[in-house]
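Undergrad: Protein chains in written order, with this note's numbering: chain G, 100 to 658; chain E, 128 to 445.
Think of the CB as a built atom: it goes at the ideal place given N, C-alpha and C, for glycine as much as any other residue.
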Amino acid sequence: MSSPVREDTMTTTPVLSVEGLKVATASGEEILHGVSFELRPGKILALVGESGSGKTTAGLACLGHFRQGLVHTAGSVQLAGAGQAGNLLDLPESQRRKLRGGAISYVPQDPALSLNPAMRIGDQILEVLQIQGYGSSDADRRARTAEVLAEVGLKNDPAYQRRYPHQLSGGQQQRVGIAMAFACRPAVMVLDEPTTGLDVTTQALVLQTIAQLADRHRVAGLYITHDLAVVAKVADDVAVMLSGEVVEQGPTDQVLYRPQHDYTRKLLAAVPDLAGRRQIGRVTAITGAQAVVPDPAGRPSPEVPEGREGRNLLEVADLQLAYGSNQVLAGISFSLRQGESMMLLGESGSGKTTLSRCIAGLNDDYSGRVCLDSEELAAGTRARTTEQRRRVQYVFQSPFSSLNPRRTICESVEVPLLMTGRMGRKERRRRVREALDQVRLGESYLDRRPRDLSGGERQRAAIARALVNAPSLLVCDEVTSALDVSVQASIIDLLRSLQHESGMSMLFVTHNIALARHISQRMAVLQSGRIVELGSTDEVLDNARHSYTRELLANVPAL
Amino acid sequence: MTSIILRRLATSVLILLAVSVLVFVATLLLPGDPAQAILGQQATPERLAALREQMNLNDPAWQRYLSWLGGLLTGDFGVSAASGGPVADLLGERIAASLVLLTAASIISIPAGLLVGTYSALRHGHTGDHVVTGTSLVLAALPEFVIGIALVTLFSTTVFPILPSVTMAPPGEAVWNYPLQLVLPVMTLVLMVTPYIARMMRATMLEVLDSGYVEMARLKGVPERQVILRHALPHALSPVAQVVAIQLAWMAGGVVVVEFLFRYPGIGQALVDAVANRDVQVVQALSILVAAVYIVVNLLADAVGILTNPKLRTGGAR
């Protein structure tokens, strides 16, 4: 879709232009149906789309690289300003290789997988410089390595350069990836979801680094992402991709605030926002004003609820855990009421997953007390009673690894039933069908295997597994971070209505503060194993008392 | 890192001790009386009793075990019942001969396995790959004596009568003075071991080639040769090292059949003869030796695993 072009983009000539690019699988199925876009010096174009839309394929094609099983069938990639003009895709592989890392470079999605784990980071950067013949001597190249590390905001002393990737944090690894891509001062950088999986503060830092590099050194950037809030922060222009086609293209302001295409509108509607104004999914946002759900009828409660506050379902008192000298949890205390949803917010390494695993009994190394209905739970699931295990259920982060690929959905979902009761096959199947029904998956899913399901469907099945035994407490550990925004919206929607219907309590563990008003009534902010802020969602978001919370809030990208 | 290796070493010593107990008990259970075996059917009861006394056969089993173990630790392997000479003298030459065989076979089969496996992975799905996987599967399925006999038929009988089928070094002369006689036994061992190494190498290499860091290296513009050698190979080696270790250890035991087949004067032959002659001391010494080889090569494989993985070398401090 064409749109009016801004004046300043008219004046600069594109450094890379992709025209009518078509890519197909070896068996002939077309993946990209004629994609076109242009990159200009100093400008960042965001390529937005959900998983499977072909955005990574298009990004890699800019480097003349096609993943195994993919064939380029039509279209061209013109790379100018790199000493020669012409179709990159017509060049022989050896010449394309010389351009990679030099004139055009790539920043991978997951630095933990993309940095060579057995090579020191300094050597990995030096390698690009050596291949490209940067400078005239090895001393030059070493100096450039140190310089580029500083440019991306990392330390650059020799000891730091001698580190291995596993000795760095996720954000540092990603900046090493960017340093590697930027080392030879490329004209074009392709960034493939470089901040997915990073927490907001680190993301803000990485985005800032990218924007500075593009601005100062006139690098043209192609920023591949599914996160529209990030687009608003970093990109000058946006191209929206849907199943192998660019459906909308134009300046960021125009595409994000006056979208033309239905799909763009749908994507935008799924982005969670801090203010909770937008409605993601069908149910309107939960706010602090929403009543705590009372005990559902039919489930006898062992105690008479006290006062208007409702009784505490879960109480955690002075939970501590240390590995050697590393204090992961330093005295955590909080409580969760019946039917309440609480967000446990923290960055990677804050101890939030460890904390939720302790509560669920998956980690038994802790000291302190975890009480369910005022009854202290033993450390570790093995020491807990069947009933206690039934009442606390856990949903894992990645639905791609938490479902056994060899089992059908029914076989996976019925596991908790096998553990807790002696019911017959038919009865179990009936319960599983009910649970699948609750997560809006039909009966037809019973006998399918995870590989036939999309990421969102898998996560629904994983949630069904947690629900099949009607738990009192659902612990959701980053359940949406592996999913696309629109899928995230539907999962949030689902969890919210499930909680509403069943009256269970929910501990929603995440690093994504933007979800707060959509899912939780109260929230706790975790920093280095301590709760630094605890209060109702509104209180925390509107009047954050701790500087750390304020910093997090300031770094949230918003539309 | 040193603590990991020290722990492995300690475990190895414990395993060797356990093996020594097993070997000792197993030889106790061997049918027949060593004294009777040495003196023959016509021996008088007095001479048998005297010999038993001399060989300490009347002591309780645990006492004999301890004195044997003490001997092992001080390098004294006892006296051969069959020849009457010290076991160490008897086996020295045999061990050297077998070591020649094993070393030659490993020097050829390890690089060959790694190369063939890597080639196969790089040609994944092409004809070269299919040929390698097919051939290696067939070879892996054949027992060593079938391969040995096939080689003998092929190279020392009617087809190409170019190599000797048996080893016939005069006693007292080193086997390596007759290199032609080594070819067939070595070739048999190589054909036995290489397929396993190649198949494992192919599998791990395919996995590594599919990894993010190999794709990243290519996108960084690293030449293909360097991608393979610097980014892919080191990561593929550590799982393969385990298989290589198992194969080397297997060779140390499997050499028995091959040596018997080619009448090669190594430890395999010695072991077969010793069992036939009820030469308990020699059987014990050889069993312990083979077990020690197993443990040492597995220890080496663990060391390779540690060396190629910086996470194990440096600890995970952030």
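1. Check each candidate in Glu246/G, Ser596/G, Gln587/G and name the one with the smallest Cα separation from Ile277/G.
2. Hey, Thr519/G and Arg489/G are a contact pair by Cβ (cut 8 Å); roughly how many whole angstroms apart?
3. May I ask you to list the residues that DSSP assigns as paired with Pro213/E?
4. Between the segment 199 to 211 of chain E and the segment 400 to 407 of chain E, do three or more beta carbon pairs fall short of 8 Å?
5. In chain order, what residues of the same chain lie with their CB nearer than 7 Å to the CB of Thr480/G, ignoring the 5 residues before and after it?
6. With H, G and I counted as helix, E and B as strand and the rest as coil, what does DSSP make of Arg199/G?
7. Taking C-beta pairs closer than 8 Å, name the residues in chain E that Lys154/G reaches, listed in chain order.
8. Please state if the CB of Val299/G and the CB of Asn654/G are separated by a distance shorter than 7 Å.
9. Under a CB-based cut-off of 7 Å, is Asn215/G close to chain E?
10. With H, G and I counted as helix, E and B as strand and the rest as coil, what does DSSP make of Gly430/G?
11. In its own chain, which residues sit with a C-beta less than 8 Å from the C-beta of Ile355/E, not counting the 5 before and 5 after it?
12. Using a Cβ-Cβ distance under 7 Å, would Tyr340/E count as near chain G?
13. Quick check on this structure: which residue in Lys438/E, Tyr305/E, Val148/E, Asp216/E has the alpha carbon closest to the alpha carbon of Ala188/E?
14. Excluding the five sequence neighbours on either side, which residues of its own chain have a C-beta within less than 6 Å of the C-beta of Ala369/G, listed in chain order?
15. Thinking C-beta only, is Val243/E closer than 7 Å to Ala330/E?
16. Identify the residues that DSSP records as bridge partners of Tyr422/G: which are they?
17. Identify whether Tyr305/E lies in helix, strand or coil by the three-state DSSP scheme.
18. Give a yes or no on whether the minimum CB-CB distance between Met378/E and chain G is below 7 Å.
19. In angstroms with no decimal places, state the Cα-to-Cα distance between Asn425/E and Ile235/E.
20. Along the segment 341 to 375 of chain E, what residues have a CB closer than 9 Å to any CB found in chain G?
21. Given a cut-off of 7 Å, decide if Pro257/G and Leu214/G are closer than it, judged by their beta-carbon atoms.
22. On the DSSP letters alone, give me the boundaries of the alpha helix (DSSP H) that Ser213/G sits inside.
23. Quick one: is Arg564/G near chain E, going by C-beta distance under 7 Å?
24. On the CB-based measure, 16 or more other CB atoms within 10 Å of its CB, does Ile458/G come out buried or exposed?
25. On a Cα-Cα basis, can you pick out the residue from Val147/G, Val574/G, Val117/G, Leu535/G that is closest to His325/G?
26. Using a Cβ cut-off of 7 Å (strictly closer), state whether Tyr647/G contacts chain E.
27. Which class does Cys161/G belong to by DSSP, given the choice of helix, strand or coil?
28. Anyone know if the C-beta pair for Ala563/G and Leu535/G falls short of 7 Å?
29. Give the secondary structure of Thr124/G by DSSP, where H, G and I count as helix, E and B as strand, and everything else as coil.
30. Could you spell out the range, first to last residue, of the beta strand (DSSP E) harbouring His132/G?
31. Got a sec, what are the start and stop residues for the alpha helix (DSSP H) Cys457/G sits in?
32. Please report the residue range of the alpha helix (DSSP H) in which Val394/E lies.
33. Comparing the C-beta of Pro350/G with each C-beta of chain E, is any distance below 7 Å?
34. What residue does the alpha helix (DSSP H) around Glu246/G start on, and which one ends it?
35. I need the DSSP call for Asp576/G, collapsed to helix, strand or coil.
36. Which chain E residues sit within Cβ distance under 9 Å of His164/G?
TA: Straight from the coordinates:
1. Glu246/G
2. 5 Å
3. Val206/E
4. yes
5. Gly460, Leu461, Arg488
6. strand
7. Neighbours of Lys154/G on chain E: none; closest Cβ ~16 Å, over 8 Å.
8. yes
9. yes
10. strand
11. Thr245, Leu249
12. yes
13. Val148/E
14. Ile379, Val584, Ser585, Ala588
15. no
16. Asn425/G
17. coil
18. no
19. 19 Å
20. Val341, Glu342, Met343, Ala344, Arg345, Leu346, Lys347, Gly348, Val349, Pro350, Glu351, Gln353, Arg357, His358, Pro361, His362
21. no
22. 210 to 213
23. no
24. buried
25. Val147/G
26. no
27. coil
28. yes
29. strand
30. 129 to 138
31. 451 to 459
32. Reading off the sequence, residue 394/E comes out as Ile, not Val. Here the alpha helix (DSSP H) through Ile394/E covers 394 to 403.
33. no
34. 237 to 250
35. strand
36. Glu342, Arg345, Leu346
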